[in-house]
Structure formats: structure tokens, C-alpha cells
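Asks: A single structure is presented below for examination.
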Amino acid sequence: MNSTYQQRIRAWFERLRIWLTALIAAIGVRLAPLDHWLSTRWERHGAPAWGRADAALRPSTGRAAEVVRDRAPGVVSMFAAAVHGLQRAGDGVGHQIEAARSSKPSGRVLRDGRGRRIRASAYTGPRRRAPRKGGDLPKGRAARWLPNLAKVGLVTMVGLAAFLGSSQGYINFAAELPDAHNLTSSPLPEDTLVYAGDGSEMADIHPSGTQHYYQSLDESGKWLPQATVAIEDSNYWNEPGIDPTGIARAFLTNSREGRTSQGASTITQQLVKLRLLKDPSATYDRKIKEAILALQVEHTYSKRQILEMYLNTVEYGNNAEGAEAASQNYFRKDTKDLNLAEASMLAGIPQNPNFNSPWADYQVAKNRQAQVLNSMVHSKMVTQEQANEAFAVDLRPELHTPDSSIKQAPEFVNWVVQQLADKYGEKAAYEGGLRVYTTLDPKIQQIAESSVKANVAKNLSHNMHQGAMVSIDPKTGGVTAMVGSAYPDKWGGQYNYAADIPRNPGSSFKVFNYTAAITSRKFTMNTPVPDQPLTVNYTQPPYQPKNFNATQYPSCVLQTCLGNSLNIPAVFAELSVGVDNVLQTARQMGAPPWAEADDGSYTRSAPSNKYGPSLTLGGYGETPLQMATGVATLASGGIYHPTTGVSKVTTSDGSPIFADNPATNGKQVVDPAVAYIMTAMLSNDANRQQEFGQHSALTLPGRNVAAKTGTSENYTDAWTVGYTPSLASAFWFGNENGNVSLGQGFDAIYAAAPGWQGFMATALGAMKDPANDWYGAPAGVVPAGNSVWVLPGTSPNQATPGTPPGVTLSAPPPNSQGNKPNQPNNNKPSG
Numbered sequence: 050m051n052s053t054y055q056q057r058i059r060a061w062f063e064r065l066r067i068w069l070t071a072l073i074a075a076i077g078v079r080l081a082p083l084d085h086w087l088s089t090r091w092e093r094h095g096a097p098a099w100g101r102a103d104a105a106l107r108p109s110t111g112r113a114a115e116v117v118r119d120r121a122p123g124v125v126s127m128f129a130a131a132v133h134g135l136q137r138a139g140d141g142v143g144h145q146i147e148a149a150r151s152s153k154p155s156g157r158v159l160r161d162g163r164g165r166r167i168r169a170s171a172y173t174g175p176r177r178r179a180p181r182k183g184g185d186l187p188k189g190r191a192a193r194w195l196p197n198l199a200k201v202g203l204v205t206m207v208g209l210a211a212f213l214g215s216s217q218g219y220i221n222f223a224a225e226l227p228d229a230h231n232l233t234s235s236p237l238p239e240d241t242l243v244y245a246g247d248g249s250e251m252a253d254i255h256p257s258g259t260q261h262y263y264q265s266l267d268e269s270g271k272w273l274p275q276a277t278v279a280i281e282d283s284n285y286w287n288e289p290g291i292d293p294t295g296i297a298r299a300f301l302t303n304s305r306e307g308r309t310s311q312g313a314s315t316i317t318q319q320l321v322k323l324r325l326l327k328d329p330s331a332t333y334d335r336k337i338k339e340a341i342l343a344l345q346v347e348h349t350y351s352k353r354q355i356l357e358m359y360l361n362t363v364e365y366g367n368n369a370e371g372a373e374a375a376s377q378n379y380f381r382k383d384t385k386d387l388n389l390a391e392a393s394m395l396a397g398i399p400q401n402p403n404f405n406s407p408w409a410d411y412q413v414a415k416n417r418q419a420q421v422l423n424s425m426v427h428s429k430m431v432t433q434e435q436a437n438e439a440f441a442v443d444l445r446p447e448l449h450t451p452d453s454s455i456k457q458a459p460e461f462v463n464w465v466v467q468q469l470a471d472k473y474g475e476k477a478a479y480e481g482g483l484r485v486y487t488t489l490d491p492k493i494q495q496i497a498e499s500s501v502k503a504n505v506a507k508n509l510s511h512n513m514h515q516g517a518m519v520s521i522d523p524k525t526g527g528v529t530a531m532v533g534s535a536y537p538d539k540w541g542g543q544y545n546y547a548a549d550i551p552r553n554p555g556s557s558f559k560v561f562n563y564t565a566a567i568t569s570r571k572f573t574m575n576t577p578v579p580d581q582p583l584t585v586n587y588t589q590p591p592y593q594p595k596n597f598n599a600t601q602y603p604s605c606v607l608q609t610c611l612g613n614s615l616n617i618p619a620v621f622a623e624l625s626v627g628v629d630n631v632l633q634t635a636r637q638m639g640a641p642p643w644a645e646a647d648d649g650s651y652t653r654s655a656p657s658n659k660y661g662p663s664l665t666l667g668g669y670g671e672t673p674l675q676m677a678t679g680v681a682t683l684a685s686g687g688i689y690h691p692t693t694g695v696s697k698v699t700t701s702d703g704s705p706i707f708a709d710n711p712a713t714n715g716k717q718v719v720d721p722a723v724a725y726i727m728t729a730m731l732s733n734d735a736n737r738q739q740e741f742g743q744h745s746a747l748t749l750p751g752r753n754v755a756a757k758t759g760t761s762e763n764y765t766d767a768w769t770v771g772y773t774p775s776l777a778s779a780f781w782f783g784n785e786n787g788n789v790s791l792g793q794g795f796d797a798i799y800a801a802a803p804g805w806q807g808f809m810a811t812a813l814g815a816m817k818d819p820a821n822d823w824y825g826a827p828a829g830v831v832p833a834g835n836s837v838w839v840l841p842g843t844s845p846n847q848a849t850p851g852t853p854p855g856v857t858l859s860a861p862p863p864n865s866q867g868n869k870p871n872q873p874n875n876n877k878p879s880g
């Protein structure tokens, strides 16, 4: 006999044995003698009696013995349940058998309704057909005992089958099963919850198609556990993990129908199927494994623990796994707050989540709810009156519509989750049950969203269709608002333009250029800077920057060069201190510009030789997040705080994982005196009056603010960045396609500054920020006249540095001094 045939025979024998054992429940005879005999036989083979299944197994050696010690409690318990538990189910019939043995005719004369004696010949029913010869029915005691003897014979056969297959067969079979301890050693995935700075829930993060929160049985409330037990397994608290009578009934039904149509699964068996076997099939093999493991689970855990695990595992449809997820999904409340009507509807869903969900078919869900309530009445959990009242409650789906997993600031939430994934891994971020407390201020976020959308809507006629922004608390580096897209639901709006899509920042990048210039001590606020034709001879082709308005002046003092956003002086200052120094300053302040790497990709860590003189004019990409971080460094007095959206992370039970500490994570990257001088230049409205006029959109009524605009080549991107001691922000406006122009002459002072201005004024008011909140001069800065400060060792009248090597300055054209030449602007102008 080949091994494959042997395996088939053994598998068939295993199925036959387990189902024959289950049939004992239906036979209903007393089994004590058989049990004693089987127990004796089992002990002779070196194992404890079935009746003492919970006792420790005798020590032995080898892999088989290890399996017996680890798994046999469930195996032996199964036979204990099949013999002892089913024996109790047959007690009633057994008592009848015993009574039949000792009973005698009572001698009582049977009479009819009129008092007449009933005789056998008085039978008036249909005539019985006489038995055929050789098939006479037994008479007397034989007629009463033969069926019972047949039952005993069948039970003996079952017991023999059980004994013959018990030892090595079960050892081999159990060796292939998972361990019941895996239920707790392999915890369920649990959703990550994200909270705003005020404690309100922002998002429920979970893998696609699932939603799950773990909760204890005590947190599940009163009604849902009761309703679940009533409809799924009414004998749950008394059974040993399997329902022998139900198994027998299912076996008979399945045998009659020729297919597996009834499962007879208890709550414990369902838990085993969902967590240990993960096998959706309804084969006999799986049912055998399920029964064995169910008994092992019952041996390992308490009934309350099993019910808790079940309620946290079972599926309720609509992406909800576990009772708490279902309660939140369908009714927006915790399970402990469910009323009887809501709990009974939820309890009916797991039988078939696709059909029993009220969102799939409300009438089907109501019919199932009625079954649950009837089961609760039958189990005496509720009265009929309570059930009727619960059924009458209107739970139509339109009263409880599905909720988005992200309730506010979707781009910010996704950015935070990516931070978590980078730090803790994807699995922890999406399934680790983290509780993430963020820095986002819902009030500021709402103001930001309104400001971005309003500015875009106002400028649709200028071909503006997209916008983004970020605001940061300069004291902590925490992001208080992030708008990644003005219209997330429109084409191209699914991208996070605030954090992921770099665009040319135009002249807003000059804040880093002039920070490097002041730091170098080659320039002061009042150092004259040439504004005349400039050629960089070492680039191919030679680089010749032009001012944004195509106007040239012989020279300007540095602070007015910055305020009026003149390009030629900016490039001169950049080349005087070195492009690499400007690059490193931007990187240290948290705004590393994007450049093309050798492989064609874009990176923020490209080598210095990848950056050219157009850096200061915004020739390399930045994001609003980076620009906001950079100006927040100036706003904090030169202290760089790593930008974060997370203030604290805990486990689902509150155990701390991470806590941000702004007091220790800040790094002084810019001299406080330099930061103060930069703030003085960027906040002085007189410095920009020549180009932007007085009281432009770069000012805030009644308070000081530092600000800078930026417009990229061909007017494709418009920026405004700015700050106060309490709030730093960066706004970008443009289009999904970075090559689409907003229109000739529509620069950032018109395209971006009004949106930024409206946000800053409203947000600072909502923050109740004092209007007089401004900076005091730090140590190390020297006053040098009206609104002029210099670094120690420098002079306000410090001379212009010499022309940088490889640079040629030409004489100003005749039409300089404010007259615009009649020539196109072909370089990278910036406003």
C-alpha cells in the first residue's frame, strides 16, 4: 500500500472518528462503563485517563511526547467533552432505559372517555400490514431492548474507533496545528489614531480595507457582548468550546444534503477560524482542526478572555474589524455607549457582513436584528417589551452615514503618517495602534484653508488654479497648519504641494542669501551694492542676471536692495560670499534647495557643484514647508528647530513612545545678531517703498512683521514668506503644471501676498497674539543710526567688497536711474 493511499485512509479515518464521536450526543445512552474501559486502555498506553484531561501528562521523550505535552490538553479535552459532556446530554434517555429495566405492568385498566375498558380489538386506526415471514417484529422485552442494544453496539464501535486512532494519530495530527498561545503572542493589528493639538481626533489610520481598535471586555459595555452571545452561541458560558449536539446535528444535515452547509461553530471555534487557522473553507479537515484547537483555547484562556478576543476580531463589514471599529463606523460612538437597538443590529452583522450591514440592505439588517432580539428574549437577557422597543428604533443608514478616515487636514495627516513610517516602519504606523498627538491647531488650519481657497478663487482669471501653505510655531518647530492643495478633489489636487512638490521660490530665497552676506561681515545693512550689468564669465553660457522690472540703478544699500528685491545686487552679494556658503546657510536653516543629481533624479543633498549663481534668485526648487522652516529659524533668533507635526506618541493604552522637547532639540545655526539684522531689514516698510509702495500686502495693520515675496521665471510661481515671533508661514500659488504662467506682470505682490497677509492677520488674532510682540536687540548687535544695526567690528559705512573673481561689471546703460530699457527679460527675474 503506497504512502499516498495510506495518507488518504488515515485522513478518512480521522474524519470518520471525529464525526462518529459527535454522534454520541444524538444516541443518548449512558456511557460510564465505556468511558471507564476507554480510560483504562488509554492509561495502559502511557497517557492519563480522559476523565482527568486537565491533569499533567506523564513525562516522555521525543518530538511526539513534546506535542502531547503541548497540545494534548486540547486533544484529550475533546474526547472528555465527547464522552462526558455528551453523556450528560444522554442522561434523560438513560434514565428511561433504567426505568424500563425495573418497571412492571401497573395493572391499571385503561378506559375511554365514557369509562369503557379499552381492548386491543378496540383499535380503530388503519390496519397494520402483517410482517413478512422471517421478519417478525420482536415481542416482549426484546421489543423494548433491541434498539437500545443497537445503540450500545454503535457506541462501542465509536469508542473502539476513537481508541484505535487516539495515540499516534492524534500526536501526528496535533503536531501540525498552531499553538493556542498565538492568540495573545501575535496581537491583532490596531488602527493608529491622530489627534490635533486641541485633542480632537483628526484621523483613523489603517491599512486599506480595514479599521480596528482593540478594547477590553469591560470597555465593551453591556448590550453588545450579550447580544453577540445570544445570537452566535447561546450556550457559550456552559459549553467546553465545542457544541457536541450541534456538531452531530450539522453532521447529519451535511450527510443528508451531500455538502457542508452547516458549521455548528461556537464563538470559540469562530475565534480559532479567524485567528489561528485563517482557513475559510468548510471542509471536514478544517472542522476537526477547529474543534481540537477550540478545546485547547478553552483550556488556555478564560471565557471572558475568549469573548474579548472574539469581539476584537470578528468582521462587521464596511472595513470594520472588531466591535469598537463597527460601533464607531456605524453609530459614531463607543461600544459602551450603544443602546439595545444599536447593539442588536451590530451583533447580527458578522453572520454575513456583506448582506447584514444596514448600509448594504437596511431591511435585511432589520430582519437580522429581529433574530438577535428574539434570541436575547429566549435567553432571558431582555424582556419581550424591551425587544419590541429596541426593534422600533429607526436606525436607517442616512442617520449614520459612513465617515471619512481623515476628518481634517488630509495632507498634514498623510505627512505625519509618513514621518511615523520613516521612524517606526510602515507596519507600526498603520497597524501599531499608535496614538499620535500632533502640533496642528484646528483654528489656524481652518483659517489657512479659507485663505488659500479664497486667493485662488479670486485669481482664476489670471490662470491660477492651485495653492499651498505651511505655518510653523518658531519657538518649537511644530507645524500649526498645512494646506497641501487648494482643491484636493480636482485633477492634480491629490498631490501635497506644501511638502512634496518643489517649485522655484523666486526672490523669496534671498533671505538665505543675505543672511549669508551679513554673516560673512563683508556686508552690513548700509553697504552699497552694485546694480549695473553683471556677467559671470565661468558659466556656459555666461550668466547675466537682470532685475525683475528690467530697471538698473548704479548701486543701492544692501537693505533697500533686499527690500526692493533687486536681482543684480543679490547675485553680486552671493558671488562675494560664495554660492556654497549661501547653499550651506539655506540647508542649516532648514531649506535645502532641490537640484538634479547625476542620475537625473532631484535631491536636496546634491554636491555644491550642482548649484550655480541663479541659486539666490530661486533657480532651484523649494517647498512651502522648507521655506516656512527657513524663515521660522530667523523668527526664533537663529535657532533651527527640526520641523515636526508630532508632539507626542503613545501606545493605545497610553504608554509613552516619544515626546518632542523643543527646549533640547533646537540648534543655533544663525548668530542671533544676524537674525535680528535680517528681521530689521525684512520688516522695514521703507526698504521696499520704491518697488512696492507704502503699506503694501507685505505689512500687517497695527503690528510688525517681516516678509518677502518671490516670483519665478515667466510668472509661473508666486510666493510670500514672512514671520512674527509667534508665527512663521510660507504661501505658494500657481498651477499643477509648473510651466503654466499666471500672466505677464502678475507677480507675487499681487498673486500671493494678499493671501498671506489675510492669513497672518486673522491667525494672529485667533491666537490672541499681542500686537506689540516684537524683538529686542540681542547681545552682539551694535546700533548704528536710525533703524540700522551692525555686527561688532563692522561699520555702517563699510565699503563694497571687490568684484568677485570671474565676474565683470559693466558701466550702467544711459537709460538707467529708473528708466526701463526696451528689452525682454530672458534670465531668471524675480520679484
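In this text, residue positions in the sequence shown follow the numbering used here: the first is 50, and each later residue adds one.
Where a beta carbon is used, it is the ideal one built from N, C-alpha and C, also for glycine.
1) Whole-angstrom Cβ separation of W768 and S604, contact assumed at under 8 angstroms?
2) Per DSSP, what kind of secondary structure is S604 in: helix, strand or coil?
3) By alpha-carbon positions, which one of P402, R737, Y544 and W272 ends up nearest to D386?
4) Span of the beta strand (DSSP E) holding S520?
5) Could you have a look at M727 and say whether DSSP puts it in helix, strand or coil?
6) With a threshold of 16 other CB atoms inside 10 Å of the CB of Y587, please say whether the residue is buried or exposed.
7) Per the contact definition of three or more C-beta pairs closer than 8 angstroms, is the region 751-771 in contact with the region 813-826?
8) By DSSP, does S696 sit in helix, in strand, or in coil?
9) Identify which residue in Y764, V789 and K817 has its Cα closest to the Cα of A795.
10) Would you check if there are 3 or more beta carbon pairs closer than 8 angstroms linking the region 734-743 to the region 697-716?
11) Does the Cβ-Cβ distance between V465 and V501 come in under 9 angstroms?
12) Would you mind reading off the limits of the beta strand (DSSP E) that contains F780?
13) Short check: CB of A458 to CB of G807, under 9 angstroms?
14) Let me know the secondary structure DSSP gives T584 once reduced to three states.
15) I'd like the span of the beta strand (DSSP E) that includes I550, first residue to last.
16) Classify S109 as helix, strand or coil using the three-state DSSP reduction.
17) Just curious, the beta strand (DSSP E) that V528 is in, first and last residue?
18) Report buried or exposed for N613, applying the criterion of at least 16 other Cβ atoms within 10 angstroms of its Cβ.
19) If we ignore side chains and look at the alpha-carbon of each, how far apart do P774 and A812 end up?
20) Rank L611, G555 and P662 by C-alpha distance to the C-alpha of V626 and give the top, closest one.
21) Skipping 5 residues on each side, what residues in its chain have a beta carbon closer than 8 angstroms to that of V723?
22) State the start and end residues of the unbroken alpha helix (DSSP H) segment that holds V462.
23) Give the C-beta separation of A409 and G366 to the nearest angstrom, bearing in mind that I take them to be a contact with Cβ-Cβ under 8 angstroms.
24) On the three-state DSSP scale, how would you describe I291?
25) For K322, which of N658, Y285, T362 and A746 has the nearest alpha-carbon?
26) How is the alpha helix (DSSP H) around F572 delimited, first residue to last?
27) Within the same chain, show all residues whose beta-carbon is closer than 7 angstroms to that of Q743, passing over the 5 residues directly before and after it, in chain order.
28) Assuming V278 contacts L320 (C-beta within less than 8 angstroms), just tell me the rounded distance between them.
29) Measure the Cβ-Cβ separation of I550 and L583 and say whether it is below 9 angstroms.
30) So, are the CB atoms of Y536 and G527 less than 9 angstroms apart?
31) Smallest Cα separation from A276: which of S510, V426, F780 and N437?
32) Return helix, strand or coil for F795, following the three-state DSSP convention.
33) With a Cβ-Cβ cutoff of 9 angstroms, do D709 and T529 count as a contact?
34) Using CA coordinates, which residue listed in T634, E671, L666 and G667 is at the minimum distance from R653?
35) Under the DSSP definition of a beta bridge, which residues are partnered with F707?
36) Taking the CB atoms as reference points, tell me whether A369 and Q264 lie closer together than 9 angstroms.
Replies: Walking through what the data contain:
1) With 8 angstroms as the limit, W768 and S604 do not qualify as a contact, their Cβ atoms being about 27 angstroms apart.
2) strand
3) Taking D386 as reference, the option from P402, R737, Y544 and W272 with the minimal CA-CA separation is W272.
4) Q515 to D522
5) helix
6) exposed
7) yes
8) strand
9) Checking the sequence, you will find Phe at residue 795 rather than Ala. It is Y764.
10) The region 734-743 makes no contact with the region 697-716: fewer than 3 CB pairs, one atom from each, lie closer than 8 angstroms.
11) no
12) A777 to G783
13) no
14) strand
15) Premise fails: I550 is in no beta strand (DSSP E) and is neither H nor E.
16) A caution first: S109 carries a pLDDT of 33, below 50, which makes its placement in the model unreliable, though a value can still be read off. Coil at S109, not helix or strand.
17) G527 to V532
18) Flag for N613 reads buried.
19) Those two C-alpha atoms are separated by around 13 angstroms.
20) For the residues L611, G555 and P662, the minimum Cα distance to V626 belongs to P662.
21) T564, I567, T568, G687 and L840
22) P459 to Y473
23) 7 angstroms
24) coil
25) T362
26) F572 -> no alpha helix (DSSP H), and no H or E assigned at all.
27) Excluding residues within five positions, the ones whose Cβ falls inside 7 angstroms are D734.
28) About 13 angstroms separates the two Cβ atoms, so there is no contact after all.
29) Against a cut-off of 9 angstroms, the Cβ pair of L583 and I550 comes out as no contact.
30) Not in contact: Y536 and G527 (Cβ atoms no closer than 9 angstroms).
31) Closest option to A276, Cα to Cα, is V426.
32) coil
33) no
34) E671
35) V698
36) no
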